[in-house]
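Colleague:
4 protein chains.
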Amino acid sequence: MLETLSTSKSQILDAAAHCFMTLGCDSASIDDIAAHLGSTKGRIYHHFPSKGALLSAVQLRAARFTYQAVAPVVDPAAPPADCLHDMSRTHVLEVLRTLPYHKVVLQSYASVVPKSPTDYEQTLRDQLHKEQRHYASLFLEVIKRGIDDGTFAHRGDPRVAMASILTLLNAPIFWYQLRDDNSEAFNIAVADQLADMAVASVQAG
Amino acid sequence: MLETLSTSKSQILDAAAHCFMTLGCDSASIDDIAAHLGSTKGRIYHHFPSKGALLSAVQLRAARFTYQAVAPVVDPAAPPADCLHDMSRTHVLEVLRTLPYHKVVLQSYASVVPKSPTDYEQTLRDQLHKEQRHYASLFLEVIKRGIDDGTFAHRGDPRVAMASILTLLNAPIFWYQLRDDNSEAFNIAVADQLADMAVASVQAG
Amino acid sequence: MLETLSTSKSQILDAAAHCFMTLGCDSASIDDIAAHLGSTKGRIYHHFPSKGALLSAVQLRAARFTYQAVAPVVDPAAPPADCLHDMSRTHVLEVLRTLPYHKVVLQSYASVVPKSPTDYEQTLRDQLHKEQRHYASLFLEVIKRGIDDGTFAHRGDPRVAMASILTLLNAPIFWYQLRDDNSEAFNIAVADQLADMAVASVQAG
Amino acid sequence: MLETLSTSKSQILDAAAHCFMTLGCDSASIDDIAAHLGSTKGRIYHHFPSKGALLSAVQLRAARFTYQAVAPVVDPAAPPADCLHDMSRTHVLEVLRTLPYHKVVLQSYASVVPKSPTDYEQTLRDQLHKEQRHYASLFLEVIKRGIDDGTFAHRGDPRVAMASILTLLNAPIFWYQLRDDNSEAFNIAVADQLADMAVASVQAG
DNA sequence: TATGAATGAGGCTTCATTCAT
DNA sequence: TATGAATGAAGCCTCATTCAT
């Protein structure tokens, strides 16, 4: 399931993520991506059967970036508030590190099903949604645990809380600008501030 | 500045918002919108000079929906926590009421500058950004006021807090499904839960 | 045949000639002409049944401008060289005076039959060609007279000579720029130079 | 600068020249040209980025046809009258040989700047004007030489004389009909008559 | 594996024209 | 007489995709 990617495939995915981010998923053409790679589109079509498949591959990689970063810090034995804080902080840092991929995911969250997806593309999309749900469940579990032990307030639907926290943690996708002078210290400060807010937003009064 | 729209223009905007939401800003074609209207695209081009201008008009309307709902409940004399709660609750309710428009705004937040915008389109986009900044400043002011009087915690940059809260309040855009059975009670429950979380996320520990 | 035009019609023709000249016969739209008039296209359609009819009316007026200027100076009793010189000089001066109209004629000389002309439009075009042939015959007659009496050289086909001379006299259409500082003296100098060249080009060596 | 064209590009240019000539620069559609080629418009857009670029390429080729024919007969050592006669005769013969291309040039002389030219299109147009000016200078030089040595009359501006002669030599573009029975003898007769007229038009009385 | 030519469907836009008022 | 809304046909151009090499 988590097969490693060839160098060529990985290069193509980076270029695709960059172009999808910069120009938009729909506006970026296969030619744009090929130009960014310094080759022709034939190369892309040898590795990915269609534009939709390429897009899904980018989104899948984005999901796996955060999963692989956050999963190790999940600790069912730790106090829920501490655990949620660690997970949140790690999530934000990873999102900032691999921003283009997550900007692409955002665009497709907003958008909708393609007009006529291939079977293969549909399979990829199903796989993506499955992994996204699994990742979200990591956050849902810790929140439920906190509600059960009284750490977190019991307000409305826990799934709404989870979705809202994940959205809050993704907020930098909207305003963070990739620059050369983005110091690691700045990223950490942002991650800490958002993790604090995330925990506070569900903490019992 | 807030000129009223002719009936024909307003109908076109509603249809455009619906199609942009359903099919995506890029995928939705002018023909799709015309078909939804039951007329020809000539009608659309008689009122809007380009697809980009139509999109900007939808986004501008979205910004004005929330502004006109929230501005009246801003009360500089009220305690910051109460004020922020009222504003948040009102914001969420208005977003749920006019969801298609805000889904469109989300998509264009994610996306990027069009490849070659007209001068006129650029003007519309500038106007939109100006009104969006003005709206955001309403939230920034109350947050600053709360930090100053000790109600809210002083964590990092207040602008990051403001942006994160607005993103959190917009979270239903990602998961809320328009249905016939969406009771007003459900909307109010969601709005209360999110307003609670928003205030808690910045409240002093 | 030479019915006088109403003021409104004449204004429309001037605007049309200006737009056709500036933007090109095909590129200039009825809206462009209406905008130049400061009204809407309805006004144009009240006076001219179609764009083709409007174009033909402009061309017809151009033909009549030169005819009405040159016809009076045709003098079958004068020496052919003198007569041709007077006609040529007068032609050039009139062309410079009513340049927009003649630029339009040039464009349609170059271009070709419209794809599907109306009967009415075809009638207008036939009328135009008839008047153009009649005007050309004035020049052909004096050239033939000069060849007969030995003033002019007998080289090849007299009709080729006539066509070439008319083209030479119209040459300023290609390079003359309408400006505020085009003095009458300048126009006269150009007219004299071209009339000299025209006569010399056929004069017996 | 004078790169050779691929076979495919050259075929496309021939078809374009023919269609532009037959139907007019504006009326001829890319589909018309593709139909004339027996292929799809995709093929044309693979080689030329826009209709304007295609038009400019045709015009550039026209300019180079006459330049490459006339440049070899320019002889600064020859008597001006002889030199001008040879150049004129050669020009006319070449124009008759490659008539479609020159009819296209005529149309665009008459017409005007496109409404919103691309940078690339503007570059092509500048290149064209540069080569046209250079070609015209060949004629201007010999005329000046004739005026200096007394062969040619000194009437007005030499540049007006040059422009008028070139226009006179291009006159057949207006009336010459491409037919199967256009004998070479006929072309030569026309070229001789026009060259005679051209030289006579500037000869000292 | 990669390229360059070619296709064909579809989208945006323009515009002459008509019509109700 | 003039306007403003609306239509429908057509044109330019883009682009994902295929194929021969």
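Quick mapping for you: the protein sequence lines, in order, are chains G, Z, W and F.
According to our numbering, the stretch in the first sequence is residues 497 to 701, in order.
According to our numbering, the stretch in the second sequence is residues 497 to 701, in order.
According to our numbering, the stretch in the third sequence is residues 497 to 701, in order.
According to our numbering, the stretch in the fourth sequence is residues 497 to 701, in order.
Beta carbons: idealized from backbone N, C-alpha and C, even for Gly.
Keep in mind it's a predicted model, so treat the numbers as computed, not measured.
From residue 686 (chain W) to residue 651 (chain W), what distance separates their C-alpha atoms?
Modeller: Looking at the two C-alpha atoms, the distance is approximately 26 Å.
Colleague: So, helix, strand or coil for residue 682 (chain G), using DSSP?
Modeller: Three-state result, residue 682 (chain G): helix.
Colleague: How about residue 656 (chain F) and residue 577 (chain F): do their beta carbons lie closer than 7 Å?
Modeller: Against a cut-off of 7 Å, the Cβ pair of residue 577 (chain F) and residue 656 (chain F) comes out as no contact.
Colleague: Which chain W residues sit within Cβ distance under 7 Å of residue 563 (chain F)?
Modeller: Those do not exist, as residue 563 (chain F) stays about 19 Å from chain W at its closest Cβ, beyond 7 Å.
Colleague: Quick check on residue 648 (chain Z): does DSSP put it in helix, strand or coil?
Modeller: Strand at residue 648 (chain Z).
Colleague: On the premise that residue 526 (chain Z) lies in contact with residue 540 (chain Z), defined as a C-beta separation below 8 Å, what is that separation, rounded to the nearest angstrom?
Modeller: Rounded, the Cβ-Cβ distance is 6 Å, consistent with contact.
Colleague: Provide the residue(s) that pair with residue 623 (chain G) in DSSP beta bridges, ordered along the chain.
Modeller: Bridge partners of residue 623 (chain G): none, in fact.
Colleague: Is any beta-carbon of chain F found at less than 7 Å from that of residue 512 (chain W)?
Modeller: With 7 Å as the cut-off, residue 512 (chain W) does not count as an interface residue toward chain F.
Colleague: In three-state terms, what does DSSP make of residue 673 (chain W)?
Modeller: Coil, per DSSP.
Colleague: Suppose contacts are defined by Cβ-Cβ distances below 7 Å. Is residue 587 (chain Z) in contact with residue 562 (chain Z) by that definition?
Modeller: Result yes, Cβ atoms of residue 587 (chain Z) and residue 562 (chain Z) sit closer than 7 Å.
Colleague: Excluding the five sequence neighbours on either side, which residues of its own chain have a C-beta within less than 7 Å of the C-beta of residue 557 (chain F), listed in chain order?
Modeller: Here the set comprises 509 and 597.
Colleague: So is residue 592 (chain F) in contact with chain W if we call contact Cβ pairs under 7 Å?
Modeller: Cβ-Cβ to chain W under 7 Å: no for residue 592 (chain F).
Colleague: Within the chosen definition, does the region 547-555 of chain Z reach the region 611-620 of chain Z through at least 3 CB pairs nearer than 8 Å?
Modeller: A contact exists between the region 547-555 of chain Z and the region 611-620 of chain Z.
Colleague: Can you tell me the Cβ-Cβ gap for residue 648 (chain Z) and residue 689 (chain Z), rounded? I've got them flagged as a contact below 8 Å.
Modeller: Incorrect: roughly 19 Å between the Cβ atoms, too far for contact.
Colleague: If you draw a straight line from the C-alpha of residue 530 (chain G) to the C-alpha of residue 536 (chain G), how long is it?
Modeller: Taking the straight line from one Cα to the other gives about 5 Å.
Colleague: Is it right to say residue 502 (chain F) is buried, meaning 16 or more other beta carbons lie within 10 angstroms of its own, or is it exposed?
Modeller: Looking at its Cβ environment, which holds fewer than 16 other Cβ atoms inside 10 Å, residue 502 (chain F) is exposed.
Colleague: Applying the criterion that 16 or more other CB atoms from any shown protein chain within 10 Å of the CB defines a buried residue, is residue 604 (chain G) buried or exposed?
Modeller: Result: buried.
Colleague: Answer with buried or exposed for residue 673 (chain G), where buried requires no fewer than 16 other C-beta atoms within 10 angstroms of its C-beta.
Modeller: The residue is exposed, with fewer than 16 neighbouring Cβ atoms inside 10 Å.
Colleague: Counting contacts by CB-CB distance shorter than 7 Å, is residue 693 (chain F) in contact with chain W?
Modeller: Yes, residue 693 (chain F) counts as interfacial toward chain W.
Colleague: With respect to 6 Å, is the separation between the Cβ of residue 644 (chain F) and the closest non-hydrogen atom of the ligand FMN below this value?
Modeller: The model on display carries no ligand, and the ligand FMN is accordingly not part of it.
Colleague: Taking Cβ positions only, does residue 624 (chain Z) come closer than 7 Å to chain G?
Modeller: Residue 624 (chain Z) does not count as touching chain G.
Colleague: Got a sec: is the Cβ-Cβ distance from residue 652 (chain F) to anything in chain W below 7 Å?
Modeller: It does; some Cβ of chain W falls within 7 Å.
Colleague: For residue 522 (chain F), go through chain W and note every residue whose CB falls closer than 9 Å to its CB, in chain order.
Modeller: 520, 521, 522, 523 and 607, listed in chain order.
Colleague: Chain Z beta carbons: is any one of them nearer than 7 Å to that of residue 679 (chain G)?
Modeller: No, residue 679 (chain G) lies away from the interface with chain Z (no Cβ there is under 7 Å from its Cβ).
Colleague: Based on Cα-Cα distance, which residue from Z:522, Z:566 and Z:516 lies nearest to residue 554 (chain Z)?
Modeller: If we check each option's Cα against that of residue 554 (chain Z), Z:516 comes out closest.
Colleague: Strictly below 9 Å CB to CB, what residues from chain F border residue 659 (chain W)?
Modeller: What residue 659 (chain W) touches in chain F: 667, 668, 670 and 671.
Colleague: Can you grab the Cα-Cα spacing for the pair residue 636 (chain W) / residue 625 (chain F), in whole Å?
Modeller: Residue 636 (chain W) and residue 625 (chain F): Cα-Cα distance of roughly 35 Å.
Colleague: Quick check: the Cα distance between residue 666 (chain F) and residue 667 (chain W), rounded to an integer number of angstroms?
Modeller: When rounded, the distance between both Cα atoms is 10 Å.
Colleague: Look at the alpha carbon of residue 634 (chain W) and the alpha carbon of residue 505 (chain F), and state the distance between them as a whole number of angstroms.
Modeller: Rounded to whole angstroms, residue 634 (chain W) to residue 505 (chain F) spans 47 Å at the Cα level.
Colleague: Counting C-beta neighbours from all protein chains within 10 Å, is the total for residue 660 (chain F) 16 or more, i.e. buried, or is it exposed?
Modeller: Flag for residue 660 (chain F) reads buried.
Colleague: Looking only at its own chain, which residues have a Cβ that is under 8 Å from the Cβ of residue 521 (chain G), when we skip the five neighbours before and after it?
Modeller: Closer than 8 Å at Cβ, skipping near neighbours: 551, 600, 603, 604 and 607.
Colleague: Near residue 589 (chain F), what residues of its chain come up, given a Cβ to Cβ distance below 8 Å and the 5 sequence neighbours on each side ignored?
Modeller: 565, 683, 684 and 687, listed in sequence order.
Colleague: What residues of chain G sit near residue 689 (chain Z), judged by a beta carbon separation below 9 Å?
Modeller: Correct list: 651, 652, 653, 656, 657 and 660.
Colleague: Would residue 642 (chain F) be called buried (16 or more neighbouring beta carbons within 10 Å of its own) or exposed?
Modeller: Per the 10 Å Cβ criterion, buried.
Colleague: So residue 697 (chain W) contacts chain F; which residues on that side make the cut at Cβ distance below 8 Å?
Modeller: Per Cβ cutoff of 8 Å: 664, 693, 694, 696 and 697.
Colleague: For the region 534-550 of chain F, list every residue whose C-beta sits within 8 Å of some C-beta in chain W, in sequence order.
Modeller: Here the close residues number zero.
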